[in-house]
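Participant: Residue numbers (this note's numbering), protein chains in the order written: chain S, 3 to 291; chain X, 56 to 196; chain F, 18 to 367.
Where is the CB? At the ideal position from N, CA and C, for every residue including glycine.
Here the structure is a predicted model, which means the values were calculated and not measured.
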Amino acid sequence: MSESIQTALRTRARELLELGEVSCVIGYERSPRGRVRPAFIYEPADADRLVWDNTCHHNLMVYLHDRKTPPRRGEEVPRVAVVAKPCDVRALNVLLHEGQIAREKVFVIGVACAGMCEEGTEELQARCRRCRERVPIFYDALVGEPPKVTAVDEDWADVVELEGMSAAERLAFWTREFDRCIRCYACRQACPGCYCFECMAEQVDPLWVGIAIELPEKAFFHVMRAYHLAGRCVECNACELACPMHIPLSLLNRKIAKEVEALFGYRAGGDPQTPPPLATFRKDEELPL
Amino acid sequence: MSDNFEPRIVGFLCNWCSYAGADMTGTSRIPYPPNIRIIRVPCSGRVDPLFVLKAFQEGADGVMVLGCHPGDCHYSEGNYHARRRYALMHRFLDFVGIEADRLCIDWVSAAEGHRFAQVVAQFTAQVQPLGPWNGLQRRRR
Amino acid sequence: MKLTSREQLAAWLDALMERATVIAPRQVECGGGSGTHLLLYQPVASSAEVVFDFQRTAMSPKGYFLPSTEVLFEIEKRSNEVTLDEALPQDEQVLFAIRPCDARGLRVLDALLVEHEPADAYYAQRRRNTTLVGLACPHLWPECFCTAIGGAPDDSADVDIMLYEVDGGYLVSEITEKGTALLAGLNAEETDQPAPVSDRSGPSVPVLAPEAWPALFNELYWARLSDRCLSCHACTYVCPTCRCFDVRDYTRAAGPNGIHIERLRSWDSCMAAAYRRIAGGHNPRPSKMHRLRNRYYCKFNYCPQDFGAVACVGCGRCIAVCPVGIDITEMLGEVAALAATLEERGKGKG
Chain S
3 MSESIQTALR TRARELLELG EVSCVIGYER SPRGRVRPAF IYEPADADRL
53 VWDNTCHHNL MVYLHDRKTP PRRGEEVPRV AVVAKPCDVR ALNVLLHEGQ
103 IAREKVFVIG VACAGMCEEG TEELQARCRR CRERVPIFYD ALVGEPPKVT
153 AVDEDWADVV ELEGMSAAER LAFWTREFDR CIRCYACRQA CPGCYCFECM
203 AEQVDPLWVG IAIELPEKAF FHVMRAYHLA GRCVECNACE LACPMHIPLS
253 LLNRKIAKEV EALFGYRAGG DPQTPPPLAT FRKDEELPL
Chain X
56 MSDNFEPRIV GFLCNWCSYA GADMTGTSRI PYPPNIRIIR VPCSGRVDPL
106 FVLKAFQEGA DGVMVLGCHP GDCHYSEGNY HARRRYALMH RFLDFVGIEA
156 DRLCIDWVSA AEGHRFAQVV AQFTAQVQPL GPWNGLQRRR R
Chain F
18 MKLTSREQLA AWLDALMERA TVIAPRQVEC GGGSGTHLLL YQPVASSAEV
68 VFDFQRTAMS PKGYFLPSTE VLFEIEKRSN EVTLDEALPQ DEQVLFAIRP
118 CDARGLRVLD ALLVEHEPAD AYYAQRRRNT TLVGLACPHL WPECFCTAIG
168 GAPDDSADVD IMLYEVDGGY LVSEITEKGT ALLAGLNAEE TDQPAPVSDR
218 SGPSVPVLAP EAWPALFNEL YWARLSDRCL SCHACTYVCP TCRCFDVRDY
268 TRAAGPNGIH IERLRSWDSC MAAAYRRIAG GHNPRPSKMH RLRNRYYCKF
318 NYCPQDFGAV ACVGCGRCIA VCPVGIDITE MLGEVAALAA TLEERGKGKG
């Protein structure tokens, strides 16, 4: 299956570049060390570098932010094609909704996805086991057939486990986890939803966080970052996969996703028409405070 | 926690209702716990969750966000946004270990001097047994 | 040369812990019970915590010389009285099982921070206070390329004591007087067994001479290379020779009419957009292409020219840590090829 997807991806990329439809195809390639990494294809002849398998976990939508402005003043913003899994398309949907990306500047090569595996194993990532969206909600071209995969039900087990602890235990847990952080911002940089020109963590006036690489700064950054993604995080796990210190960041995002669903009945990136929950309200709603 | 612990509470009060409500409490000579340190903001919708977390990190034991009653916002809808924001923030802070009882969002109108005193007293009593908040703060070697 | 067993080494470490902070590779559990671990140099309370068999720690040990955050000094003003407290670090440290590449990284930092005026007093003091106990690698690990850059898996040039794992224990080689002094109390027997020679086979990575880099500065290659860069700080923070920092004063009230000022220094990264921003908002390195290129030029062109040291020791951490697979050895290979092509083209024109 992945092989036929790979062939189709290469063909499509070559075509798009030959016809001049796009200036670049963003996809995946294999590094000389054998690991899959993002690839940027500019020439039709390079299209054969593209690969597809169950380790293509990067969310490539993050690179669209680099291509929002023209390379030189007065020029057009070049159109790019991007290989997108269903979860990646939900992230793109959030960006479209927030007016970050012009739809006509992106050619979405949607891929029917059977799920991504945990690093170095053949075991599906937990989020992929739960995923019910095997085909992207929109695309300009679709590659692959919808795979026959039975999704397991979302039970929020990881979140519930932590909720079951006492507040003191939870604090101890997060103190331990946050303390490992080195403030490298790999989580933020890998996240398509984190595109602020200046992050509150690096803002100088007012100085919310400061320069120290110590527990208060680390905790502040992670808590606020997760909160800024409330109703926007599509659970692509790019943050957690990028984290060199193995901080379970998805737990923060999933806690918020769980509450957003319970409070507002909303799932991020699923529907381009509904505004994200913290950008809207209902006058008559009863919310537990 | 010792009975004589006096929690430090930061209160973000909206200019149009709650701050005026607190004024009313004062001019009406209604006593309320001195634990609250009031910061006047234009609207409860102005209270960025950053403010709340920053207050906790700078030594607050509890944080209150008080605004106009839903429907009465001076800017029409600021408090509706605040309501959503803090309904979520409440649960999220609890998840990272800052007990939900340390955060309060409520509505006090300019005429509710009695209610302001009551809300502050209630919240102070709620935070007192939790003891001082010193999590996620600096630990110097 | 002495021969000792792991048990005797452990007993010696435990005794050392009584009087010095012992920093050693330690397994750190991540994510509660999720089963993932990280290996980090950390202060240990018992030799039982020390991991003797390992490849490479996730972070270099530079943080014990140039901490990720440190207080440079404190000023307190109360009414008319002003006090300045500048405490240089006094703790005696023993860094156990440092790899030759990381030790070499410290030599690079010495060139930049101590041998070059003005010297960094805090770093220099920590260097003086620390004894390095090296542990030779039997061969190069995945991602390693120390041999391509002038190092070796059993290079003992930059440590005070060198350990070599052999059958039945460790060979202990005293390199410096500081090392000899530290070894007092180690139960070991003299031996004439020679130190084992590590397998030096590794990837052949061409490293372009410092003076050849400027000609490549404006090549399109840098833009293409940085396409996938996320501009995170991971590579610079794990690197044994990246040493950029930021300094800031923090002020708070201290009693009635009092003021307390703390000058903090923290790691900073040239990968950050704000790193090079200057007053008025101008940024001479506005894009990630400028920043990634600068990082490599710093390592292979600026540092060698200004301080006489290539600021890379081939530890491979930046390769292992990069979330998007940017590989410094691949870059070096491509840059060398590019330089050759340009030279070829130049000849053609001539």
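#1: Whole angstroms are fine: how far does the CA of S/R178 sit from the CA of X/G114?
#2: Tell me whether the segment 150-168 of chain S and the segment 231-247 of chain S touch, counting them as touching only if at least three CB pairs, one residue from each stretch, are closer than 8 Å.
#3: Who are the near neighbours of F/G168 in its chain, counting only those whose CB is closer than 7 Å to its CB and skipping five residues on each side?
#4: F/E347 CB to nearest chain S CB: under 8 Å?
#5: What residue does the alpha helix (DSSP H) around F/Q25 start on, and which one ends it?
#6: Applying the 10 Å Cβ sphere with the 16-neighbour rule, what's the burial state of S/P250?
#7: Cβ of F/A153 within 8 Å of Cβ of F/Y181?
#8: Could you have a look at X/V102 and say whether DSSP puts it in helix, strand or coil?
#9: Inspect the CB distances between the segment 252-260 of chain S and the segment 342-360 of chain F and report whether three or more fall short of 8 Å.
#10: Do you know offhand how far F/C163's Cα is from X/R194's?
#11: Name, in chain order, the residues that DSSP records as bridge partners for F/C47.
#12: Does the Cβ-Cβ distance between S/V113 and S/D142 come in under 8 Å?
#13: Secondary structure at S/T282, three-state DSSP: helix, strand or coil?
#14: For S/L66, which of S/D48, S/N95, S/E45 has the nearest alpha-carbon?
#15: Quick one: residues in its chain with C-beta nearer than 7 Å to the C-beta of F/H156, no 5 flanking neighbours on either side, listed in chain order?
#16: Write down the C-beta distance between S/R269 and S/E261 rounded to the nearest angstrom, noting that I regard them as a contact closer than 8 Å.
#17: So S/P2 contacts chain F; which residues on that side make the cut at Cβ distance below 7 Å?
#18: Run through the segment 163-220 of chain F for me and flag every whole alpha helix (DSSP H) of 4 or more residues, listed as ranges in chain order.
#19: For the segment 197-217 of chain S, which residues have a beta carbon sitting closer than 7 Å to at least one beta carbon of chain X?
#20: Between the segment 202-212 of chain S and the segment 151-171 of chain S, can you find at least three pairs of beta-carbon atoms closer than 8 Å?
#21: Against chain S, with Cβ distances strictly below 8 Å, would F/D263 count as a contact?
#22: Assign X/I76 to one of three DSSP states: helix, strand, or coil.
#23: At 9 Å on the CB atoms, spell out the chain X contacts of S/F222, in chain order.
#24: Is there a C-beta anywhere in chain S that falls below 8 Å from the one on F/W378?
#25: With the cut-off set at 8 Å, would you say S/E31 and S/R39 are in Cβ contact?
#26: Please check the pair S/D55 and S/S6, which I expect to be a contact at CB under 8 Å, by giving their CB distance rounded to whole angstroms.
#27: Using a Cβ-Cβ cutoff of less than 6 Å, which residues in the same chain neighbour F/T74 once the five nearest sequence positions on both sides are dropped?
#28: Do you know whose CA, among F/S64, F/V88, F/E134, F/T38, lies nearest F/E279's CA?
#29: Determine, for S/P194, whether the minimum Cβ-Cβ distance to residues of chain F falls below 8 Å.
#30: Quick one: Cα of S/R284 to Cα of X/H136, how far?
#31: Per DSSP, which one or two residues make a beta bridge with F/K19?
#32: Using the Cβ count rule (16 or more neighbours within 10 Å means buried), how would you classify X/Q177?
#33: If you scan the segment 133-157 of chain S from start to end, which runs of the beta strand (DSSP E) of 3 or more residues do you find wholly inside it?
#34: Determine the burial state of X/R196: buried for a count of at least 16 other Cβ atoms within 10 Å of its Cβ, exposed for fewer.
#35: Would the beta-carbon of F/P213 fall within 8 Å of that of F/V255?
#36: Between the C-alpha atoms of F/T38 and S/I184, what's the straight-line distance to the nearest angstrom?
Facilitator: In brief:
#1: So the two alpha carbons sit approximately 20 Å from each other.
#2: With contact defined as three or more Cβ pairs closer than 8 Å, the segment 150-168 of chain S and the segment 231-247 of chain S are not in contact.
#3: Answer for F/G168: P117, C118, R121, V330, G331, listed in chain order.
#4: True, the Cβ-Cβ gap to chain S drops below 8 Å.
#5: Here the alpha helix (DSSP H) through F/Q25 covers 23-33.
#6: When all chains shown are included, S/P250 counts as buried.
#7: Note that the C-beta distance between F/A153 and F/Y181 is below 8 Å.
#8: Three-state DSSP puts X/V102 in coil, outside helix and strand.
#9: Contact fails: fewer than three Cβ-Cβ distances are below 8 Å.
#10: If I take the Cα positions, the gap works out to 37 Å.
#11: Partner(s): F/T53.
#12: The Cβ-Cβ distance between S/V113 and S/D142 does not fall below 8 Å.
#13: Note: S/T282 maps to coil in three-state DSSP.
#14: Comparing Cα positions, the closest option is S/N95.
#15: P170, S215, D216.
#16: Going by Cβ atoms, the distance from S/R269 to S/E261 rounds to 12 Å, so no, they are not a contact pair.
#17: What is shown of chain S runs 3 to 291, which leaves residue 2 of chain S out entirely.
#18: As summarised for the segment 163-220 of chain F, the continuous alpha helix (DSSP H) elements at least 4 residues long and confined to that stretch are 194-200, given in chain order.
#19: Listed in sequence order: M202, W210, E216, L217.
#20: With the rule of 3 Cβ pairs closer than 8 Å, the segment 151-171 of chain S does not count as touching the segment 202-212 of chain S.
#21: Taking 8 Å as the threshold, the shortest C-beta distance from F/D263 to chain S falls below it.
#22: Strictly speaking, residue 76 of chain X in this sequence is Gly, with Ile absent from that position. DSSP places X/G76 within a helical segment (H, G or I) once states are collapsed to three.
#23: Correct list: L105, L108, K109, Q112, L191.
#24: Given a span of 18 to 367 for chain F in the structure shown, any question on residue 378 of chain F remains unanswerable.
#25: With contacts defined by Cβ atoms closer than 8 Å, S/E31 and S/R39 form a contacting pair.
#26: Not a contact, Cβ separation roughly 12 Å.
#27: Here the set comprises P42, L56, L57, Y58.
#28: Nearest option by C-alpha distance: F/V88.
#29: The C-beta of S/P194 comes no closer than 8 Å to any C-beta of chain F.
#30: For S/R284 and X/H136, the distance between alpha carbons rounds to 9 Å.
#31: F/K19 pairs with F/V189, F/E207.
#32: An exposed status is given to X/Q177, since fewer than 16 other beta-carbon atoms sit within 10 Å of its beta-carbon.
#33: With a minimum length of 3 residues, the continuous beta strand (DSSP E) runs that stay inside the segment 133-157 of chain S are 143-145.
#34: Reliability of the predicted coordinates at X/R196 is poor, the pLDDT of 44 falling under 50, and the value obtained from them is presented with this limitation in mind. Per the 10 Å Cβ criterion, exposed.
#35: Going by C-beta atoms, F/P213 is not nearer than 8 Å to F/V255.
#36: The C-alpha of S/I184 is placed about 22 Å away from the C-alpha of F/T38.
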